[in-house]
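Numbering (this note's numbering), first residue to last: 48 to 508.
Virtual Cβ for every residue (Gly too), placed ideally from N, Cα, C.
Because the structure is a prediction, the values reported are computed rather than measured.
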Amino acid sequence: MKRLTIGVELAAAPSVLFLDEPTSGLDARSAKIVMSGIRKIASTGRTVVCTIHQPSAEVFEMFDSLLLLKRGGQTVFFGDLGVRAANLIDYFRRMPSSPPLVDGANPATWMLECIGAGVEVKANVTDVDFVALYEASMEFKTLETGLTMYAHPQPNVPEITYLKKRAATSATQCRMLVQRFMRMYWRTPSYNWTRFVLSIFLAILFGIVFCKLNYYTFAGAAGGAGMIFVTALFLSLMSFNSVLPVTIEDREAFYRERASECYSPFWYFVGSTVAEIPYVVVNACVFTAIFYPFVGFHGSCGDAAYYAFNLALLVLLNVYMGQMTAYAAPTVEIATLLGILINSIFFLFMGFNPPGSTVPSGYKWLYHITPQKYSLAALTASVFAKCEDGVGMGCGYIDLLPPNILQQLHTKKATMKQFIEHIYVMKYDDAFENTVAVIGFIVLFRILALLALTFINHQKK
């Protein structure tokens, strides 16, 4: 297990390896095996720093250098051990009142006895100031000379400057971060497969409930518009809430890497943007392939593709809105609460309940700034408000319409297209404008997400 842990650390190819008591809990044989492996690592040129507890003589002599501290953290010895700890033994033999080193004794145990940290503490040893003796020794002066040489740059050496803020080019940063996000999404089935399976389940569920619905009655027309609204509502909430924990979890790594100037926040933003698109498109296409014919929508393959396209834009809109909230909020709990508040307002003014034609004038501005309103209008109008050359579900007449609606339309019999466009203000002729509006909101949320990534940092250290 010890060797496995060390191997995991080596997977990152560190230049310095820190090990805290790698032999603790091991018998002499196991400790020697572990330390032999560490010795081989050090022989490859890596610096290995170990804290060691009661090593055997054989293990102790594997080390190159030793930093010995007394109680209180003051240095008693720091330098090369030498062959069979010869330098250490020579140093402590020069100390007053040091006990003799018996042949075959462990130098690690003997050095602790020398400074009064052994099992038996002698009174004459505790009176010696080993810190002062070390600071007056030749070993300390040699150490200071070396530190002075390497710690202070020579006056004739030019200052190190860098032409670029980051070593990697923009193309490299973009490629690596896009690959990283694609791999992360592929390796996170709890996120992608969950929403994929839920989308299939919702498509089948709504198909079973609405497959026999007659859309050419007042109740059926309102129910059809409500069905599209509810599916949009479920998919939006699922997309928004599912992306929050994934984004906030990866945000911690982003903060560390941004502090190290590993890459620009812009390319991290690009990676998180691109990785969502294929999953959202496949999700929307599968949902539409099941839902569209199951509930009895009549249209060409082009109509179904347009429906799937607008559905994908709706899901992307909510995913990107969730990412923006996750970047701006300090915790996933606060991000969830913000999402509940924002989505409650948006879903209230999507134009179904209350219908777009009955929204009070004082709240019209909320109706017009609701992003999901444009997606719902595009989805509903593409099915129920399309009537071209007498072809389309919007061409059929609706039975049992209330007299007040017929009076408002100035007709004795209204088509589906007239009903949808008058009551819900969802017009097929506005399809292009609605799609462009959704894309515009997506761009807006991505810009806000980039600003949050660049200027907001919720790290506490």
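Closest by C-alpha distance to residue i, when choosing among the options
i: Leu252; options: Met196, Thr417, Phe334, Asn451; result: Phe334
i: Ala133; options: Arg118, Leu113, Ser283, Gly120; result: Leu113
i: Ile275; options: Cys97, Ser429, Ala499; result: Ser429
i: His345; options: Met440, Phe107, Ser237, Ala60; result: Met440
i: Ser103; options: Val81, Pro143, Val485; result: Val81
i: Leu497; options: Lys460, Ala373, Tyr262; result: Ala373
i: Arg227; options: Ser62, Gly318, Thr189, Gln201; result: Gly318
i: Lys211; options: Glu308, Ser83, Ser237, Glu435; result: Glu308
i: Met23; options: Ile247, Ser311, Met142, Gly54; result: Within the shown structure, residues of the chain are numbered from 48 to 508, placing residue 23 beyond reach of any answer.
i: Ala551; options: Leu358, Thr235, Ala58, Met158; result: Coverage of the chain is limited to positions 48 through 508, which leaves residue 551 absent and any answer about it impossible.
i: Phe488; options: Pro418, Ala478, Thr462; result: Pro418
i: Ala355; options: Thr52, Thr156, Lys474, Ala279; result: Ala279
i: Gly343; options: Ile255, Asp67, Val277; result: Ile255
i: His100; options: Phe124, Ser90, Leu73, Arg86; result: Leu73
i: Thr383; options: Thr320, Thr294, Glu160; result: Thr294
i: Glu191; options: Asp150, Gly126, Ala214; result: Gly126
i: Ala272; options: Ala164, Ser422, Val130, Glu480; result: Ser422
i: Thr122; options: Glu186, Gly84, Asn153; result: Glu186
i: Val329; options: Ala306, Tyr197, Leu360, Val149; result: Leu360
i: Phe431; options: Thr501, Ser391, Val490, Gly270; result: Gly270
i: Cys332; options: Ala352, Tyr315, Ser347; result: Ala352
i: Leu364; options: Asn504, Tyr339, Thr320; result: Thr320
i: Thr501; options: Phe316, Met196, Ala164, Ala214; result: Phe316
i: Asp477; options: Tyr232, Gly267, Leu426; result: Leu426
i: Thr91; options: Pro61, Thr482, Ile452; result: Pro61
i: Val362; options: Gly437, Pro450, Val379, Ile486; result: Ile486
i: Tyr471; options: Ile452, Phe479, Val483, Glu480; result: Ile452
One or two residues paired with residue i in a DSSP bridge
i: Leu115; result: Phe124
i: Val95; result: Leu64
i: Glu435; result: Val438
i: Tyr444; result: Thr462
i: Thr264; result: Asp446
Cβ-based burial, residue i [other Cβ within 10 Å; buried from 16]
i: Cys221; result: buried
i: Gln465; result: buried
i: Thr94; result: exposed
i: Ile162; result: buried
i: Arg234; result: exposed
i: Gly409; result: exposed
i: Thr189; result: exposed
i: Arg242; result: buried
i: Arg298; result: buried
i: Glu296; result: exposed
i: Lys420; result: buried
i: Glu160; result: buried
i: Ser83; result: exposed
i: Phe399; result: buried
i: Ser311; result: buried
i: Arg493; result: buried
i: Pro69; result: buried
i: Thr208; result: exposed
i: Val204; result: exposed
i: Tyr138; result: buried
C-alpha gap between residue i and residue j, whole angstroms
i: Glu206; j: Phe313; result: 30 Å
i: Trp240; j: Ala424; result: 29 Å
i: Leu224; j: His457; result: 59 Å
i: Tyr414; j: Ala499; result: 26 Å
i: Val178; j: Cys97; result: 22 Å
i: Gly349; j: Thr462; result: 23 Å
i: Ile387; j: Arg50; result: 48 Å
i: Leu369; j: Ser217; result: Here residue 369 is Gly; the residue named in the question, Leu, does not match the sequence. Each residue's alpha carbon lies about 27 Å from the other.
i: Ile155; j: His199; result: It should be pointed out that residue 155 corresponds to Ala in this sequence rather than to Ile. Cα to Cα, Ala155 sits roughly 34 Å from His199.
i: Leu180; j: Gly193; result: 19 Å
i: Ser283; j: Glu56; result: 41 Å
i: Thr258; j: Phe341; result: Before going on, a small fix: residue 258 reads as Cys here, not Thr. Roughly 6 Å separates the two Cα atoms.
i: Gly120; j: Pro377; result: 39 Å
i: Phe65; j: Arg86; result: 13 Å
i: Arg131; j: Met109; result: 8 Å
i: Leu116; j: Met158; result: 11 Å
i: Tyr367; j: Asp67; result: 43 Å
i: Gln455; j: Glu468; result: 12 Å
i: Val244; j: Leu385; result: 26 Å
i: Arg140; j: Glu105; result: 21 Å
i: Lys460; j: Phe393; result: 33 Å
i: Gly129; j: Ala89; result: 16 Å
i: Met48; j: Lys79; result: 14 Å
i: Ala58; j: His505; result: 29 Å
i: Glu182; j: Arg118; result: 17 Å
i: Phe124; j: Arg76; result: 28 Å
heavy atom of the ligand COA below 7 Å from residue i C-beta
i: Leu210; result: The model on display carries no ligand, and the ligand COA is accordingly not part of it.
Are three or more beta carbon pairs between the stretch 288-295 and the stretch 325-334 nearer than 8 Å? no
Mind the definition here: the stretch 255-270 touches the stretch 445-453 only if three or more C-beta pairs lie below 8 Å; say whether that holds. yes
Segment contact flag, the stretch 401-408 with the stretch 292-303, C-beta cutoff 8 Å, min 3 pairs: no
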